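Some notes on the structure that comes next.
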Amino acid sequence: MHNAIRKDKFEISELRGLPSGYYILRKQGSYLQSRGLLETLTITDIPLHAESSSLTFFHPEAMKFFECGDIAFVSPKGVLRVVLSKLANHNTLLVTERCDNLCLFCSQPPKDNDDSWLLSQAAMAAIEFDSNESLGISGGEPLIYGQSFIKFLDTLIDYKCDKSLHILSNGRKFSDTKFTLELAKRRKDIDLTFGIPLYSSVPHIHDMLVGSIGAFRDTMQGLINAGNAGIKIELRIIPTKENIDTLSQTVELVSRSISNVVQFSIMNMEATGWARKNWKQLYIDPIKYAEELEKSVLVAHSAGLPAFLFNYPLCHIKAELEPLALKSISDWKNFYPEECSDCSKKYQCSGFFTSSKGIFHEAPRRIV
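Going letter by letter, the sequence shown gives residues 0 to 367 in numbering that gives the first Met the number 0.
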């Protein structure tokens, strides 16, 4: 794999005996103030003596990639991953690996185990993390546990956690009007935005891409309910060979039908998870849909709604769209190929995913 800008994952064999979950990180010799909701792991770059604390662990380089108070997730295999960091350009918490969709390009294929315990752990991690930056919440499908997700929000509210939350959801749970209205009550106490995908205005195309018959119906009803309840919606679309001909129609459908949409996000596909095995069926070079992409942005703008492009290298889109292309790839999975070294727009550009190599890589095209 290409080297990412910031490392986030470290193997420490001595961690294998610890329960899986979230922990607060401390650098040896540093003071850490916490609320005591999570256990603290102390990391040192000095080899340990036998009498060292049971929660102090050695790694020769990990200390360079986190700050005191950052939050890590420890897996049963002894892998420590820094998930909330003051050094990161984006922070996201995983609250479940379960999902009621099976998207053909899912970057983190779902599991069917009961992992509802992650919600309470994630709540404690969010509260302990000393940052006022917006926090991402992802899955799986975060709303799959229904009332437990509302309890997760209530815990944050009770502890006066003032972070705004950006929650990635397929929106299907919002087809339950009672649940939607109950969740919407929390808006007065915590800032919530839901990133919800609608991959096509044609029902069978959306259902095919998400691997679930009836998903379009549920998501459309969910979008209507959420918008009418005052819940902020970021509408997400990933262009593929299967849906590209309906891209601008989808933007128009949402613009005319759904309330409280605050932004359209059109996202280039990442070559990870199930996207890799379906790459030939799905991936389409942005150059091939440049006109449709520009048309979709214009449809959004004509409706008075902002539209942005995510994960697109600037050299893969029309110059007119460059101001809308955000530097969006998380630093722990972001890199710039050698060809980008002399580009004057490198530091404005999203760059590439570290998973972008071989048949999954569209080479940079010289623009300056």
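C-beta: ideal position from N, C-alpha, C; glycine also. These numbers were taken from a predicted model, which means no experiment stands behind them.
Beta-carbon proximity list for residue i, same chain, < 6 Å, skipping 5 on both sides
i	result
TYR144	SER115
SER264	GLU233, ARG235, PHE307 and PHE309
LEU47	PHE57
SER119	none
SER354	ALA270 and THR271
VAL201	THR245
TYR21	LEU37, ILE70, PHE72, GLN120 and ALA124
GLN220	SER174
Which of helix, strand or coil DSSP assigns to residue i
i	result
GLU50	Only weak support is given to the placement of GLU50: the predicted model assigns it a pLDDT of 46, under 50, and the value that follows is read from those uncertain coordinates. It is coil, neither helix nor strand.
VAL250	helix
TYR346	helix
ASN333	strand
ILE126	helix
ILE23	strand
GLY43	The sequence shown places Thr at residue 43, not Gly. Three-state result, THR43: strand.
VAL209	helix
VAL296	helix
ILE232	strand
LEU79	strand
ILE143	helix
PHE9	strand
THR55	strand
PHE65	coil
PRO363	coil
ILE223	helix
ILE316	coil
CYS339	helix
ALA302	coil
LEU182	helix
GLY170	coil
PRO109	coil
Expected contact under 8 Å - CB spacing of residue i and residue j to nearest Å
i	j	result
ALA289	ILE316	7 Å
ALA125	ASP330	Not confirmed; about 20 Å, so no contact.
GLY170	LEU101	About 16 Å; that fails the 8 Å criterion.
ILE23	LEU37	5 Å
TYR335	PHE359	Actually they do not touch by this definition, with Cβ atoms about 16 Å apart.
ASP99	SER211	7 Å
GLU181	GLY77	GLU181 to GLY77, Cβ: 40 Å. No contact.
ILE204	ILE156	Actually they are not in contact, since the Cβ atoms of ILE204 and ILE156 sit about 39 Å apart, beyond 8 Å.
SER106	ALA274	7 Å
LEU134	LYS110	The Cβ separation is near 23 Å, so there is no contact.
LEU103	LEU208	6 Å
SER174	ASP206	That belief does not hold up - the Cβ atoms of SER174 and ASP206 are roughly 14 Å apart, past 8 Å.
ALA225	THR192	With a Cβ gap of about 11 Å, ALA225 and THR192 do not count as contacting.
Outcome for residue i when other beta-carbon atoms lying within 10 angstroms are tallied against a minimum of 16
i	result
PRO59	exposed
GLU338	exposed
TYR198	buried
LEU297	exposed
SER12	exposed
LEU31	exposed
TYR282	buried
ILE230	buried
ARG45	The question names Arg, but residue 45 in the sequence shown is Ile. The residue in question, ILE45, is exposed, as its Cβ has fewer than 16 Cβ neighbours within 10 Å.
GLY139	buried
LYS172	buried
TYR346	exposed
ALA324	buried
VAL261	exposed
PRO322	exposed
LYS332	buried
ALA318	exposed
ARG25	buried
Bridge partner(s) assigned by DSSP for residue i
i	result
PHE309	MET266 and LEU325
HIS165	GLY135 and THR192
LEU93	SER137
ALA271	Note that residue 271 corresponds to Thr in the displayed sequence, not to Ala. For THR271, which the question treats as bridged, DSSP gives no partner whatsoever.
VAL260	ILE232
THR239	Beta-bridge pairing links THR239 to no other residue.
ALA71	TYR22 and VAL81
PHE352	ASN333
Residues near residue i in its chain [Cβ-Cβ closer than 8 Å; skip 5 each side]
i	result
ILE136	THR91, LEU92, VAL94, ALA121, LEU164, HIS165, ILE166 and LEU167
ARG186	GLY229 and ILE230
GLU50	Low local confidence applies: a pLDDT of 46 at GLU50 is under 50, so the model's placement there is unreliable, with the coordinate-based value given in what follows. No residues qualify anywhere along the chain.
TRP278	ALA270, ILE358 and PHE359
PRO141	VAL94, THR95, PHE148, ILE166, LEU167 and SER168
Beta-carbon proximity list for residue i, same chain, < 7 Å, skipping 5 on both sides
i	result
SER19	VAL73, SER74 and PRO75
VAL250	PHE263, SER295, VAL298 and ALA299
ARG80	ASP7, LYS8, ALA71 and PHE72
ASP284	GLU361
CYS348	PRO312, LEU313 and LYS326
The ligand FAD heavy atom lying under 7 Å from the CB of residue i
i	result
GLU241	Judged by which ligands are present, the structure shown has none, so any question about the ligand FAD falls away.
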